[in-house]
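**Student:** Read left to right, the sequence shown gives residues 202 to 564 (this note's numbering). Beta carbons: idealized from backbone N, C-alpha and C, even for Gly. Since the structure is predicted, the reported quantities are computational estimates derived from the model, not experimental observations.
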Amino acid sequence: MSDRAVLHVRGRVLAGPEDVRDELWVVGGRVSYDRPAGARDVTTVEGWALPGLVDAHCHVGLGAHGPVDADVAEKQALTDREAGTLLIRDAGSPSDTRWVDDREDLPKIIRAGRHIARTRRYIRGYAHEVEPADLVAYVAREARRGDGWVKLVGDWIDRDLGDLAACWPREAAQAAIAEAHRLGARVTAHCFAEDSLRDLVESGIDCVEHATGLTEDLVPLFAERGVAIVPTLVNIATFPDLAAGGEQKYPAWSAHMRRLHARRYDTVRAAYDAGVPVLVGTDAGGSLPHGLVAAEVGELVTAGLPPLDALAAATWSARAWLGRPGLDEGAPADLVVYDTDPREDVRVLAAPRRIVLNGTVVG
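#1: Rounded to the nearest angstrom, how far is the Cβ of L263 from that of P295, given a contact under 8 angstroms?
#2: Taking the beta carbon of D204 as the centre, do at least 16 other beta carbons fall within 10 Å, making it buried, or is it exposed?
#3: To the nearest angstrom, how far is it from the Cα of A444 to the Cα of L461?
#4: If contacts are defined as beta-carbon pairs under 8 angstroms, then L365 and A412 qualify, I think. What distance do you get, rounded to the angstrom?
#5: Provide the residue span of the beta strand (DSSP E) that contains R387, from first to last.
#6: Of the choices T280, D235 and L208, whose alpha-carbon is the least far from that of P490?
#7: Contact between the stretch 392 to 408 and the stretch 494 to 511: three or more CB pairs below 8 angstroms?
#8: Decide if E530 is buried, meaning its Cβ has at least 16 other Cβ atoms within 10 Å, or exposed.
#9: On a Cα-Cα basis, can you pick out the residue from L419, A386, A216 and E417 that is closest to D407?
#10: Suppose you measure from the CA of A367 to the CA of D442; what does that come to, to the nearest Å?
#11: Please list the terminal residues of the continuous beta strand (DSSP E) segment that includes V340.
#12: Can you tell me whether S203 is helix, strand or coil according to DSSP?
#13: Does the beta-carbon of E410 have 16 or more other beta-carbons within 10 angstroms, so that it is buried, or is it exposed?
#14: Suppose you measure from the CA of A271 to the CA of A438; what does that come to, to the nearest Å?
#15: Using 8 angstroms for Cβ pairs, my map puts P508 next to V479. What's the rounded Cβ distance?
#16: Exposed or buried, which one is Q449 when buried takes at least 16 other CB atoms within 10 Å?
#17: What does a CB cutoff of less than 8 angstroms around V354 pick up in its chain, not counting 5 residues either side in sequence?
#18: Among A338, V214, G217 and R231, whose alpha-carbon lies nearest the alpha-carbon of A206?
#19: Can you find the residues in the same chain that come closer than 7 angstroms, C-beta to C-beta, to R426, ignoring five residues on each side of it along the sequence?
#20: I need the boundaries of the alpha helix (DSSP H) containing V469, first residue and last residue.
Now the structure itself:
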């Protein structure tokens, strides 16, 4: 789009949950609420416009067995884009996806570096596998490589116990989180079970992924410390199948996974009711396909979040939490247009009318 070419979005522009504008203009790839003087080559898009959707737990560049080639990563990113996801927090990837930053047609990515896991306590090929004595050094390394985030594996199956167990002694986690903060990075952790949560939160962690192990006594601690959760309910839906596959070898683990699955909606609703920040994330990559953001918003509604708050968890609130603009004056024009009001029915998110990225209609 040239400097004088203009995109005109009209209908209803949802700049915020209750901040509804009649129109916006895109000039030079950026949002403006003032009609540009002397505009020509105007393209008009009509409908209900939202900031580009956010997937706060996604893995571009990750496949079932570890890193994937750039052409596969490109397809992953394009699939997310076509679903309306224009901002991704990549919650751990062994692939170098910096080349995406040079592509105006691909979603923007905020990277957490590579997962950091305990030796033989995570999916093979995904993570740096280290012992507690090396945790601080690896956290520092990934803090410098990432975009303000580091991803730990907080718990995983302990084969000797036959069940989920915390990966890090409290002292190691505390030192590692402090080092990340010193370097200006926030820390999140994969956590399915209960055991690791108190130590991680009291050690200063910023976010917990999945958080299926949240219990009644832990929810107030999360709320008090402002620790966000990204429930990834579309991923938690796979727990019964995982449990069935491990039944013979790890019956205690299988039973535990079924219990976590059974109370998943109650867990998320209790966190929301207590004021814990809840964000949308799909855990796409690895075993799950990309493009599931609308399904995850729907899952949050099923869990009991009001539709407007579930929508905010993928738009306004998520962008603010990540420090990225929405449909603000002068911001990059990343937006999705729908036929009807997504505040009334979040299912409309599954059918974008138009997708605009960096001011260009891409879908």
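**Tutor:** Here's the rundown:
#1: 7 angstroms
#2: Summary for D204: the model assigns pLDDT 48, below 50, so the residue's position carries little reliability, and this model does not support an answer.
#3: 11 angstroms
#4: Contact doesn't hold; Cβ gap of about 13 angstroms is too wide.
#5: R387 to C392
#6: T280
#7: no
#8: exposed
#9: A386
#10: 23 angstroms
#11: Looking at the DSSP string, V340 is not in any beta strand (DSSP E); the run it does join, the alpha helix (DSSP H), is L336 to R346.
#12: Residue placement at S203 cannot be trusted, given a pLDDT of 42 that sits under 50; what the coordinates show is reported in the next sentence. If DSSP states are grouped into helix, strand and coil, S203 belongs with coil.
#13: buried
#14: 29 angstroms
#15: Wrong, their Cβ atoms sit about 13 angstroms apart, outside the cutoff.
#16: exposed
#17: H316, I317, A318, R319, R322, Y323, A328, C368, A390 and H391
#18: R231
#19: V402
#20: R465 to D474
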